[in-house]
Amino acid sequence: MSNILFLDKMQQVIKSYDSNEFIECVQTKEITTNASELMNDTLSASSPFDETIKDTSYIAVNDTKEQEFSLYRILTAKDEDNLLSFEAVNFAVDELDNFIIKDIRPKNRSFSYVINQLLSDSGCDWVLGVCEPIKTVSSTFYYTSMREALKALQELGAEFTFSIEITGNKITKKIINCYNQIGKITNKRFEYGEEVLKIVHQQDRTNIVTALIGRGKGEEVGDGYGRRLEFSDVEWKKSNGKPLDKPKGQNWIEYPEMTKEYGIPSNGKMLPRKTVVVFDDVEDASELLQKTYDQLAYYCRPLVQFNTEILGSDSIGDTVSIHRGDRNYHYQTRVFKVVTDHVNGRTQASLGDNLSGNSLNRQLSQVQSNISDLDNNKMTWYDSTEIGKYQDDIMRGAGANGGSIYMVNGIEAGVSQSRETYEQVFMDGSKIQDSQYFMIQNNAGISFKQCKKGQWTTIQDVHNGASTTAWTLDGTFNASFIAAGILAGVLIQGVVVKSIGNNSFFQSVLSNGAFSIEQYKETNNVDYTKPDWQKDVHGGKVGEFIGTYDGNTKKANGSALINYPGYILSINQDDGNGYSTPVFQVPSDSTFDKPKFKLFGDGTLQGDINIKGNFYVNGVKIDTNGGGNSGGGDTGWNGKYPPEVTSDRDKRYWQIWAMAIGAGFSKQAAAALLGNAQGESDANPTADEGGGRPGFGYGVWQWTDSSGASSGRVYMINLMTRAGVTDDPDTITAQFKLLMWHAPNGQWIATSSYPYSWTQFMTLTDINTAAQAFVSNFERPLNSHPERSTWAQEWYDKFVNLEIPSGGGGYIAPIASPITVSSEFGWRISPITGAQEFHNGIDLVNGNPNTPILASADGTVISAADPYYFDWYGNWTVIKHADGMFTGYAHQSRVDVAVGQNVKQGQQIGLMGTTGPSTGEHCHFQFMDEFYPSSSAHFHNARDYIKF
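This is the structure we're talking about:
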């Protein structure tokens, strides 16, 4: 009878049952065929309806008198026909998936040390119980779950079980047990065909083997042979109690019965099917024969899966023997699955070959570095054959037929107990004792050594010998062996390094810290006693790369590319045929007084461009209405909502809308952001796709580390650090700023379907095009998302006609009353030039030539007395407002604010004046929807905002 406990979500016991009170209670445990997965452990239970346990979260089962239980998390619970049914899975696998290891990198540490480190780093409340493996671990566990870490350790040669201890009504200990192999080796023996051993499935091999050639450890390397141990001299006779006959002189062992049935037909008889198996650590021929026989017993038989009901529920992983008298062989196998019915006390065990699912290839449960473990972890005949071939083919000693390359493992070099390759040795003879010169390369770098022939006889002599020359892995090069003179076309002459080619027109020269391109000058003999000897080396200078320094501090402060008069300096694009065309060029007529440059081809300039002087496009001068589009990473958000926006959800979307409009987006492109935000996270800045696990998305637009190394939130915060975003990362404000940085800095990639740059996307006026361009160029998902266009349209229809509230309650006049408009907005005759011009603002006076200039609304100063911003405005201030508009105040006699300063509506920002082209004191006041309006259409009449 078993004890069954039900626990609530806090893992507190709320009720206890005996198994005979249940209708069904079936526990299934199965060792997976793939070592990268932990044991499958499930529970199915049903009982008469009981209100107490209807909403419980866990079930604990114990069929022993110990305190340890198996605990299961309930996945589904059904209440049908006055019957409660539960399906549950071992809670350990599920719970351990939520403890994250930040960074543990053990090197040659024991299993117990590593597991305890992982538990501590992850904050896990589990403890390590049994820990059998004695091998060491060298690995990296970086932002991975405790579950994934245990799976990785299992692949290194371990198996895990999980249990809990319950005292009173609560769990007092959660235990992880680590074994070399679950279960024990028993003396139980089953006869093939007996009634208690039922055959579930049988399958003949397509690659069956009836004879094996066994090979053991190779002889000491360096003797010219490197041959492996064989068992040709060992004799077996069945009459002496051996399982098979194997005569002396024969280097294979055969099952004649299997050859008769499965052999290769030839000239009326059957030949054995042979292959090779290698045991790298076996040094005794008799032991080699026994191990080869054990392998043959495994590979010559058909695959069979059995069931039996005579083993106990604790038999999972146990090793038993199967004897097949009809074919005269036996073998050992494991119990890989146990199904226990706690109601009727019956247990069904599955053993033999696991032929269910995709297990036919018998995947190895652990990766072995030592082939001598083949008798415990069976590999396929193909695996053993290939390993045998490679171990023989790789030359590990420089023998008579080997050449002069030596692959050295850690044991041979005397640096570790590993058989992995540690270093490579090249020598000038066929053996170490016949060699004088050696080159060694390992993880420290490359070194050259030499000795008297015959002085060194072993690989450790070479490894420990002194180096004459070395090039270490960090790039340090011992160049003491280089002699002066001409080396591979490099002429070293005093303080000058000169490189030339055959039939050259020019030469490159490194001299006195500068690198120059010069007219070719032939150099034969140089008299270094002459003070001006360098004249014999240098030709006329064409261009030069030099270091620069501060004349006051006498310290280096930079570097410069110098072009000399009459020559061109160019950055070119190669055409693949030996020719090139310029992309950037300083022409030959450029001089110190009148420097010139040329740019060729398509290009992108990112950031603000200040042009001092005239600006022409295709020969047309760009006037006061010209300029660029600032785009921008500012948010334009003042924290206010229209009265129509009331729900928390709508407010999230409105904030993105207002920030996008403020950043210069068209309303259609802003709607595209909203449609995609709905698809990614419903505009939730704390939406966490993976619950903190690496490789999953986070935030409004679900930032994801595609490498899988970190969680979405960690990845997003790292990006914000690079972008200089200092706001709370879990806010829409911070994430919109990151979007405005991330898109033009690598995340936005134009596609052939939507060949728009990020700036072009911001101005799109078709909602479907904008929404799908964002999906394709920014999100880049596996599947298309046409529904996001629909959502974008819905948000557009909802917000398009709503006014963005001003942070200061509307705009006010920039000067005090009484105000006179001295020149209206629009086309006029210029009072300065007398020519027709477009007046992009409104001129205001009030009778006081030094009246204070006031901020028309709350905002941020983005230009203040900037001499590079259109000098015809004189002293000029520009303020950016929350609704995305800009106001400008020109011709001031004094500017009282600075760039980046936040100002309030009505705050004094300067004094009226007549600086710049002007006919008298006045305030030229203008509204713009761009900082540098690209056309007159982006200027707005101030009368549309203020009544004068």
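So the sequence shown is residues 67 to 1014, counted in the working numbering. All C-beta atoms, glycine included, are put in the ideal place defined by N, C-alpha and C.
*asked:* Extract the residue ranges of the alpha helix (DSSP H) inside the stretch 489 to 536, only unbroken runs of 4 or more that lie entirely within it.
replied: The stretch 489 to 536 contains these whole alpha helix (DSSP H) runs: 525 to 530.
*What three-state label does DSSP hand ALA921 in the structure shown?*
coil
*Could you give the distance in angstroms between the alpha-carbon of ALA218 and the alpha-carbon of ILE166?*
14 Å
*Under the three-state DSSP convention, the category ALA743 falls into*: helix
_Per DSSP, cross-strand counterpart(s) of CYS197_ = CYS244
*Please state if the CB of THR943 and the CB of GLY986 are separated by a distance shorter than 8 Å.*
no
*Whole-angstrom C-beta distance between GLN967 and ALA61, which should lie under 8 Å*: Nothing about residue 61 can be reported from this structure: the residues present for the chain run from 67 to 1014 only.
*Measure from the alpha carbon of VAL603 to the alpha carbon of each residue in GLY495, THR535, GLN585, GLY609, then state which is nearest.*
GLN585
*Verify the CB distance criterion: does ILE628 have a CB-CB separation below 8 Å to chain D?*
Note that chain D does not occur in the displayed structure, where there is just one protein chain.
*Could you pull the start and end residues of the beta strand (DSSP E) that LEU635 belongs to?*
Per DSSP, the unbroken beta strand (DSSP E) holding LEU635 starts and ends at 635 to 640.
*Throw me the rounded Cβ distance for the GLY522 and ILE498 pair, which I believe falls under 8 Å.*
A small correction: the amino acid at residue 522 is Trp; Gly does not occupy that position in the sequence shown. So it is a contact: roughly 6 Å between Cβ atoms.
*Kindly identify the DSSP beta-bridge partner or partners of ASP616.*
LYS621
*Give me the Cα-Cα distance between GLY560 and SER654, rounded to the nearest whole angstrom.*
Any reading at GLY560 needs caution, since the residue's pLDDT is 44, under 50, leaving its predicted position unreliable; the model's value is listed next. Looking at the two C-alpha atoms, the distance is approximately 33 Å.
*CB-CB under 7 Å to ALA809, same chain, minus the five flanking residues each way: which ones, in chain order?*
TRP824, PHE844
*Thinking LYS733 and TYR862 are a contact (beta carbons under 8 Å), I'd like their distance in whole angstroms, please.*
7 Å
*Using alpha carbons as the reference points, say which of ASP962, ILE895, VAL911, ILE898 lies closest to ALA921.*
ASP962
*asked:* With H, G and I counted as helix, E and B as strand and the rest as coil, what does DSSP make of LYS357?
replied: helix
*asked:* In whole angstroms, give me the CA-to-CA distance for THR94 and THR252.
replied: 22 Å
*Report the option in ILE70, ALA510, ARG779, GLY411 whose CA atom is closest to the CA atom of ILE80.*
ILE70
_Does the structure place the stretch 887 to 897 close enough to the stretch 747 to 766 that three or more beta carbon pairs sit under 8 Å?_
no
*Output the boundary residues of the alpha helix (DSSP H) element that contains MET473.*
For MET473, no alpha helix (DSSP H) encloses it; the enclosing beta strand (DSSP E) starts and ends at 471 to 475.
*asked:* Please state the DSSP three-state secondary structure of LYS1013.
replied: Three-state DSSP puts LYS1013 in coil, outside helix and strand.
*Comparing alpha-carbon positions, which option in PRO884, HIS947, ARG960, THR202 lies nearest ASN941?*
ARG960
_Using C-beta distances below 6 Å, list every residue in its chain close to ASN629, excluding the 5 sequence neighbours before and after it, in chain order._
GLY609, LEU635, VAL652
*Below 8 Å on the Cβ atoms is my guess for LYS519 versus SER533; work out the distance and round it to an integer in Å.*
The Cβ separation is near 18 Å, so there is no contact.
*Give every residue of the same chain whose Cβ lies closer than 7 Å to the Cβ of ALA1046, excluding the five residues on either side of it in the sequence, and list them in chain order.*
Not covered by the structure: residue 1046. The range shown for the chain is 67 to 1014.
_Beta-carbon proximity check, PHE991 vs PRO915, cutoff 8 Å_ = No, they are not a contact pair.
*Provide the residue(s) that pair with SER818 in DSSP beta bridges, ordered along the chain.*
SER818 pairs with nothing; no bridge assigned.
*Under a Cβ-count criterion, where at least 16 other Cβ atoms within 10 Å of its own Cβ denotes burial, should ILE815 be classed as buried or exposed?*
exposed
*What's the gap between the Cα of PHE1005 and the Cα of GLY907?*
8 Å
_Within the continuous beta strand (DSSP E) that includes ARG412, where are the two ends?_
412 to 418
*When the distance is taken between beta carbons, is PRO114 closer than 8 Å to ASN148?*
yes
_Let's test the definition: count the other Cβ atoms within 10 Å of the Cβ of LEU185 and tell me whether it reaches 16, buried, or not, exposed._
buried
_For VAL180 and GLY763, I'd like the C-alpha separation in whole angstroms._
30 Å
_beta strand (DSSP E) segments (min. 3 residues) lying fully within the stretch 882 to 915_ = Scanning the stretch 882 to 915 from its first residue to its last, the whole beta strand (DSSP E) runs of 3-plus residues come out as 886 to 889, 892 to 895, 902 to 905, 908 to 911.
*Around the C-beta of ILE159, are 16 or more other C-beta atoms found within 10 angstroms, so that it is buried, or is it exposed?*
First, the amino acid is wrong: residue 159 is Val here, not Ile. Buried, by the Cβ-count rule.
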